[in-house]
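*Asks:* Just so we're aligned, residue 194 is where the sequence shown starts under our numbering, counting upward by one.
The beta carbon of each residue, even a glycine, is placed where N, CA and C say it ideally should be.
What follows is a single structure, and I will ask about it in a moment.
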Amino acid sequence: MSTSLSSATNKAKYGREIFVSRILTAIIWSIVLQCVYVSHVLFVMNIDVLHPVQWLKNFYVSVSNVGTWFYLIPLGVMTFAQGVLMSKEFMTETACLRTRFGTICSAFQPRNVLIAVLNMVFGAMVVSYYSALLGEETNIFTRKCGSEHGRCLNERNMYLIACGIWTGLYASFKRQVWEVRVTVFPMIQLLKYPQMKLKLSRLVIQSFKEAVLPCMYFCLLYWWCGGYLREHLSGFLGLPTDEESVIPVLVWMKPFLAMRCLLFSAIIILTGRTLELLFQVFLTEHCHFPVSDTAGYQLTLNDVLASPLPLMRRLGYLDLLHIAERDPVRQGELFSLSLPGGHPHNWNGVVGEVLRTLEKFTSDLNIAASDINRVSNGSLLPSSPAKTGSQNESRPLATSPVVPSSPASPSLRLRNMSILQAHDLNSSVAANNSVLYPAVSGSLRQKKDADLVAASKQQLISFMQWIRRKPGINLLFGEMEDAHARHLLLHSQHLSWGTQALAHLAAASLKRDIYGVVQKDLPAIIKSLVQLKSVLERLPLHTHKRALRSGSLDLRMKAALASAVKRSLYILCNAFGQYLSDLPLSNDLKHTMQSYIAYQEG
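Structure below.
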């Protein structure tokens with residue numbers, strides 16, 4: 194018992210070390226890339242086409258200055274804190290939010306609020322740091338002036354710092370509410386350096402495009418309440434306003450100031466996007482997992498596939514696909530038997546976990562598809578409970594009175610078929626009324642109360658449905674009937690690898706499986722794939738306008754999963770086409786597989 198407990202502890206520690214090392218490496222590289230960004234800004238800032246030698250000399254002096262890199266340390270510390278908080282989002286799956294109001298409320302969770310605060314502080318620090326690099330005064334809100342105090346409020350610097358704070362808040366809120374937060378593995382596994390080289394240039398252009406909208410919003414916001422902010426900050430600091438630094442009402446009449454605000458906003462957004470990109474690159478890197486644990490502390494493929502961490506499971510499915518396609522050595526380990534005993538534990542663990550995941554996903558997706566179809570056919574309100582019995586069954590019969598009796602006297606349960614005298618009949622009816630009618634009236638009251646409660650619930654449901662049909666309320670509080678289906682599809686990338694891995698392993702078993710451990714599970718594999726294919730075909734995702742966009746991630750995941758299932762069925766038919774009649778399959782499955790054998794499925 195102690196040996197198994199220590200082995201599980203060692204495996205959990207080994208799994209944590211994998212992610213901790215990757216997260217720390219991504220954060221460190223993010224700080225290094227910030228230094229690269231600073232160097233590029235200094236290079237562009239000292240540009241002098243007419244005097245190239247002086248240009249390079251000024252650039253060298255700026256880069257070799259110790260203060261340039263010393264003041265970058267606080268930015269590195271802030272980046273490290275942001276990376277630690279953001280790493281959890283890449284390792285876990287987001288909850289399914291069915292309403293837009295729930296999506297907005299999720300942005301105000303404690304961790305998300307802390308990330309937003311850090312982004313705001315980081316935005317102010319970026320503006321102060323790059324303003325110092327551009328040769329401006331390092332004081333935050335003050336500057337020298339001719340007043341009696343000698344110092345005045347520097348509104349230009351206040352404007353830029355407020356722009357940085359606003360950009361940090363805007364970027365954080367946009368990421369939490371509008372963007373899809375899911376870790377997507379690249380379709381083609383490349384080395385880290387080619388991935389970064391390919392995506393960084395696009396990221397810089399994308400950051401400048403994304404910075405335009407928050408800058409416009411900030412200009413409008415400052416035009417509306419900039420004077421209020423200036424007066425209160427001046428009163429709080431006890432400093433007069435410098436007339437030379439006052440920004441006019443039309444902020445866009447200062448193009449130099451607007452361009453600098455755009456530059457700082459782009460740098461803030463670029464830093465956050467770079468950290469996300471590095472997490473994507475490092476956390477999705479392929480990891481090799483052994484099929485069997487020979488050292489006693491390693492994470493095996495079965496352990497990874499059954500891991501509670503979603504990202505760890507996806508790494509396991511990716512490695513399983515790698516085994517199925519191009520690793521014959523580990524394929525032989527999967528098809529091997531245990532010694533002693535001669536049981537295929539490796540294969541049973543892998544195929545059992547993959548099939549359970551496929552069946553659960555198919556069941557959940559089937560429920561989601563039924564909900565979408567029910568809503569698209571019309572809003573169905575729950576009907577009142579059906580009456581279990583008729584009114585005649587609940588009422589006692591006036592004729593043929595039944596004399597109450599105890600179970601100990603079965604003869605008294607029989608009705609007297611002889612002709613009764615009038616006074617005997619009256620006395621019998623009077624005796625029975627005192628016993629039967631109170632119970633009947635009580636049951637009628639209970640039935641009326643139940644009907645009243647059901648009618649009240651029906652009226653309440655109808656009222657809530659009427660309220661939700663109002664345009665503004667429906668937009669905010671109305672449930673998106675396809676939210677569950679989209680959530681499932683967004684986190685289905687590993688299932689594409691699982692289906693293809695099972696198909697490739699089954700096809701390879703014809704030559705490498707000398708014990709025949711795969712053939713017993715072949716009917717279950719075919720059944721799971723066909724069921725998943727049928728559910729995907731009848732899943733409509735057209736209830737929102739955003740579904741019409743071809744670039745929607747959930748639609749791309751659905752297309753990828755459907756293609757992977759069809760590809761897997763074709764692989765199985767090519768390998769086992771002539772043996773399908775010998776497999777214990779139902780007639781419907783055989784008919785479906787015949788269309789793949791004849792290459793009739795598109």
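(1) Mark residue 775 as exposed unless 16 or more other C-beta atoms lie within 10 angstroms of its C-beta, in which case mark it buried.
(2) Does the beta-carbon of residue 642 have 16 or more other beta-carbons within 10 angstroms, so that it is buried, or is it exposed?
(3) Should residue 780 go down as buried or exposed, given a rule of 16 or more other Cβ atoms within 10 Å for buried?
(4) Comparing C-alpha positions only, which one of 657, 240, 731 and 532 sits nearest to residue 485?
(5) Tell me the rounded alpha-carbon separation between residue 675 and residue 473.
(6) Starting from the C-beta of residue 369, find all residues in its chain whose C-beta is less than 6 Å away, skip the five residues before and the five after it, and write them out in chain order.
(7) To the nearest whole angstrom, what separates the beta carbons of residue 754 and residue 688, a pair I think is in contact under 8 Å?
(8) How about the stretch 260-277 and the stretch 659-669: do they share at least three Cβ pairs that are nearer than 8 Å?
(9) In or out: residue 361 buried (at least 16 other Cβ within 10 Å) or exposed?
(10) Using the Cα positions of residue 291 and residue 226, report the straight-line distance between them to the nearest angstrom.
(11) Within 10 angstroms of its Cβ, does residue 321 collect 16 or more other Cβ (buried), or is it exposed?
(12) Give the straight-line distance between the Cα atoms of residue 351 and residue 462, rounded to the nearest whole angstrom.
(13) Between which two residues does the beta strand (DSSP E) containing residue 346 stretch?
(14) Can you tell me where the alpha helix (DSSP H) holding residue 429 begins and where it ends?
(15) So, helix, strand or coil for residue 445, using DSSP?
(16) In angstroms, rounded to a whole number, what distance separates the CA positions of residue 552 and residue 721?
(17) Tell me the DSSP bridge mates of residue 335?
(18) Helix, strand or coil: how does DSSP classify residue 261 here?
(19) Could you give the first and the last residue of the continuous alpha helix (DSSP H) run that contains residue 718?
(20) From the DSSP secondary-structure annotation, give me the bridge partner or partners of residue 434.
(21) According to the Cβ coordinates, are residue 355 and residue 465 closer than 7 Å?
(22) Between 408, 393 and 725, which has its C-alpha nearest residue 357's C-alpha?
(23) Span of the alpha helix (DSSP H) holding residue 522?
(24) Since residue 690 is in the alpha helix (DSSP H), which residue starts that stretch and which ends it?
(25) Put residue 378 into one of helix, strand or coil per three-state DSSP.
(26) Taking residue 405 as the reference, give the member of 327, 217, 671 and 459 with the closest Cα.
(27) Quick check on DSSP: helix, strand or coil for residue 486?
(28) Is the separation between the beta-carbon of residue 160 and that of residue 512 shorter than 7 Å?
(29) Using a 10 Å radius around the Cβ and a threshold of 16 neighbouring Cβ atoms, would you call residue 539 buried or exposed?
(30) From 277, 349, 311 and 383, pick the residue whose C-alpha is nearest to that of residue 366; which is it?
(31) If we call anything under 7 Å between Cβ atoms a contact, is residue 467 one with residue 223?
(32) Quick check on the burial criterion: 16 or more other C-beta atoms within 10 angstroms. Buried or exposed for residue 719?
(33) Please name the residue, chosen from 374, 213 and 353, that lies closest to residue 746 on a Cα-to-Cα basis.
(34) Could you check which residue in 384, 353 and 395 has the C-alpha nearest to that of residue 411?
(35) Does DSSP put residue 239 in a helix, a strand or coil?
*Replies:* A quick look at the data gives this:
(1) exposed
(2) exposed
(3) exposed
(4) 532
(5) 27 Å
(6) 300 and 305
(7) 6 Å
(8) no
(9) buried
(10) 38 Å
(11) buried
(12) 20 Å
(13) 344-346
(14) 385-430
(15) At residue 445 the pLDDT is 47, less than 50, meaning the model places this residue with poor confidence; the figure from the coordinates comes in the next sentence. Residue 445: helix per DSSP, three-state reduction.
(16) 7 Å
(17) 346
(18) helix
(19) 715-730
(20) 346
(21) no
(22) 408
(23) 521-527
(24) 686-705
(25) coil
(26) 459
(27) coil
(28) This structure cannot speak to residue 160, because the chain is shown only from 194 to 795.
(29) buried
(30) 311
(31) yes
(32) buried
(33) 374
(34) 353
(35) coil
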